[in-house]
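*Asks:* Chains as they are written, first to last, in our numbering: chain U, 227 to 424; chain Y, 31 to 187.
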């Protein structure tokens, strides 16, 4: 009897071990190959918006969202992306009302709510700029599998960062990606049928 | 009176036409610097960029060793790339100019980064940038500012 229990215990322990190893291996492979499954992307976050208000993912529930990461010191990718997104909003016309672009900084040290506000509003007032504590930014970037890294440069620094734009459904689930080199027309084409769904 | 107004009008028109047709080409010894341009920045953005091409018509190599502009606290040559959906940027000490070759500073690659702009760059304005080369010496060029979404100079050669 006792041996039976012990055996059962061992079997369970072995099963748990094998599963953990398998999960770890899969995660490692996904990391190595840069592949993540759709279900992995997104999740709850807690950040501060451009008006200094504490917000969570729940504040944006029920809307289609474009989530992307960058920083205001960025000379090329970020202004280009923000500009393309403002043109996409224009191209979508009234459908754009169903879409909420969220620009999350990966440089919270320099990107305070005030900085974010004047930065995003120069492109389109419908874009919301989000910042937070380094830990909050780290958590949201991890949730979206968005890479970022501080790179020292003399007595200054710059940021390496993911250029992907995540299209998130009103229920918070991941739908698809837009890429940095997609034109506003291509972005609008991809978004139109989704926004028409509701 | 009418004649004077007309003359003024003609003069204004002449200046407008002359500046619209102006292309930006410079020569410094064997070096040819073409089509410099920059992109407008928004008020909160502290940094700007300058792009251009440099052709070395000499049989000897040269090197771009310094960049400077009064519009920003600092100017540096940077390189960047977007690879695997990640944007990376790094400081480049100098730019080699091999003989007979053209080096292009353009979006998604080599660029002059203006760090700490004193005020935002506005479309249609121009500003000076001084380039210093190891052998050819220094030259100050006028850089026109293109609109925010621009991906190239508006006045090609």
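Don't be surprised by glycine CBs; every beta carbon is placed ideally from N, CA and C. Model, not experiment: these values are computed from the prediction.
1. State the DSSP-derived secondary structure class of residue 113 of chain Y, mapped to helix, strand or coil.
2. Compute the distance between the beta-carbons of residue 93 of chain Y and residue 140 of chain Y, then report whether it is under 8 Å.
3. Which same chain residues end up closer than 7 Å to residue 291 of chain U when comparing Cβ atoms and leaving out the 5 residues on each side of it in sequence?
4. Which same chain residues end up closer than 6 Å to residue 333 of chain U when comparing Cβ atoms and leaving out the 5 residues on each side of it in sequence?
5. So which residues on chain Y does residue 329 of chain U lean against when the C-beta distance must stay under 7 Å?
6. Give a yes or no on whether the C-beta atoms belonging to residue 283 of chain U and residue 294 of chain U are separated by under 8 Å.
7. Counting only beta-carbon atoms, is residue 174 of chain Y nearer than 8 Å to chain U?
8. Starting from the C-beta of residue 164 of chain Y, find all residues in its chain whose C-beta is less than 7 Å away, skip the five residues before and the five after it, and write them out in chain order.
9. Under 8 Å by Cβ, that's how I've got residue 175 of chain Y and residue 68 of chain Y pegged, so tell me the actual separation to the nearest angstrom.
10. Report buried or exposed for residue 377 of chain U, applying the criterion of at least 16 other Cβ atoms within 10 angstroms of its Cβ.
11. Mind checking residue 206 of chain U: buried by the 16 CB within 10 Å criterion, or exposed?
12. Starting from the beta carbon of residue 137 of chain Y, find every residue of chain U whose beta carbon is closer than 8 Å, and list them in chain order.
13. Pick helix, strand or coil for residue 138 of chain Y, following the three-state DSSP scheme.
14. For residue 317 of chain U, collect the residues of the same chain with a Cβ closer than 7 Å to its Cβ; drop the 5 residues on either side in sequence, then sort them by chain order.
15. Quick check on the burial criterion: 16 or more other C-beta atoms within 10 angstroms. Buried or exposed for residue 302 of chain U?
16. Considering only the alpha carbon of each residue, which of Y/60, Y/97, Y/72, Y/58 lies closest to residue 344 of chain U?
17. I need the straight-line Cα distance from residue 379 of chain U to residue 422 of chain U, nearest angstrom please.
18. State yes or no: is the C-beta of residue 374 of chain U within less than 8 Å of the C-beta of residue 267 of chain U?
19. Along the chain, where does the beta strand (DSSP E) that runs through residue 125 of chain Y open and close?
20. On a Cα-Cα basis, can you pick out the residue from Y/61, Y/66, Y/172 that is closest to residue 137 of chain Y?
21. Enumerated in chain order, which unbroken segments of the alpha helix (DSSP H) with a length of 4 residues or greater are wholly contained in the region 352 to 383 of chain U?
22. Quick one, which residues of the region 364 to 382 of chain U are near chain Y if we go by CB-CB under 8 Å, in chain order?
23. Here's a check: name, in chain order, each residue in its chain whose Cβ is nearer than 6 Å to the Cβ of residue 342 of chain U, leaving out the five neighbours to either side.
24. Residues in the region 66 to 84 of chain Y with C-beta within 7 Å of chain U's C-beta atoms, listed in sequence order?
25. Could you give the C-beta distance for residue 143 of chain Y and residue 79 of chain Y, rounded to a whole number, given that I count them as a contact under 8 Å?
26. Per DSSP, residue 57 of chain Y forms a beta bridge with which residues?
*Replies:* According to the structure shown:
1. Here residue 113 of chain Y sits in strand by DSSP.
2. No.
3. 326, 328, 394, listed in sequence order.
4. If we look at residue 333 of chain U and ignore the five residues flanking it on each side, its Cβ neighbours are 297, 385.
5. Within chain Y, no residue comes near residue 329 of chain U; the closest Cβ sits about 12 Å away, beyond 7 Å.
6. With contacts defined by Cβ atoms closer than 8 Å, residue 283 of chain U and residue 294 of chain U do not form a contacting pair.
7. When Cβ-Cβ separations below 8 Å define contact, residue 174 of chain Y makes no contact with chain U.
8. So the list reads 92, 93, 95, once near-sequence residues are dropped.
9. Rounded, the Cβ-Cβ distance is 5 Å, consistent with contact.
10. Looking at its Cβ environment, which holds fewer than 16 other Cβ atoms inside 10 Å, residue 377 of chain U is exposed.
11. Outside the displayed range of chain U (227 to 424) lies residue 206 of chain U, so it cannot be described from this structure.
12. In chain order: 302, 306.
13. The three-state reading of DSSP puts residue 138 of chain Y in coil, since its state is none of H, G, I, E or B.
14. Same-chain partners within the cutoff: 410, 411, 414.
15. Per the 10 Å Cβ criterion, buried.
16. Looking at Y/60, Y/97, Y/72, Y/58, the one whose alpha-carbon comes closest to that of residue 344 of chain U is Y/72.
17. Cα to Cα, residue 379 of chain U sits roughly 46 Å from residue 422 of chain U.
18. For residue 374 of chain U and residue 267 of chain U, no; Cβs fall outside 8 Å.
19. It spans 125 to 127 - the beta strand (DSSP E) in which residue 125 of chain Y sits, taken as one unbroken run.
20. If we check each option's Cα against that of residue 137 of chain Y, Y/66 comes out closest.
21. List check, alpha helix (DSSP H) in window: 360 to 369.
22. For the region 364 to 382 of chain U, the set of residues with a beta-carbon nearer than 8 Å to any beta-carbon of chain Y comprises 373, 377, 379, 380, 382, in chain order.
23. Answer for residue 342 of chain U: 276, 355, 357, listed in chain order.
24. Shown in chain order are the members of the region 66 to 84 of chain Y whose Cβ falls below 7 Å from a Cβ of chain U: 72, 73, 74, 75, 76, 77, 78, 79.
25. Going by Cβ atoms, the distance from residue 143 of chain Y to residue 79 of chain Y rounds to 6 Å, so yes, they are a contact pair.
26. Its beta-bridge partners are Y/62.
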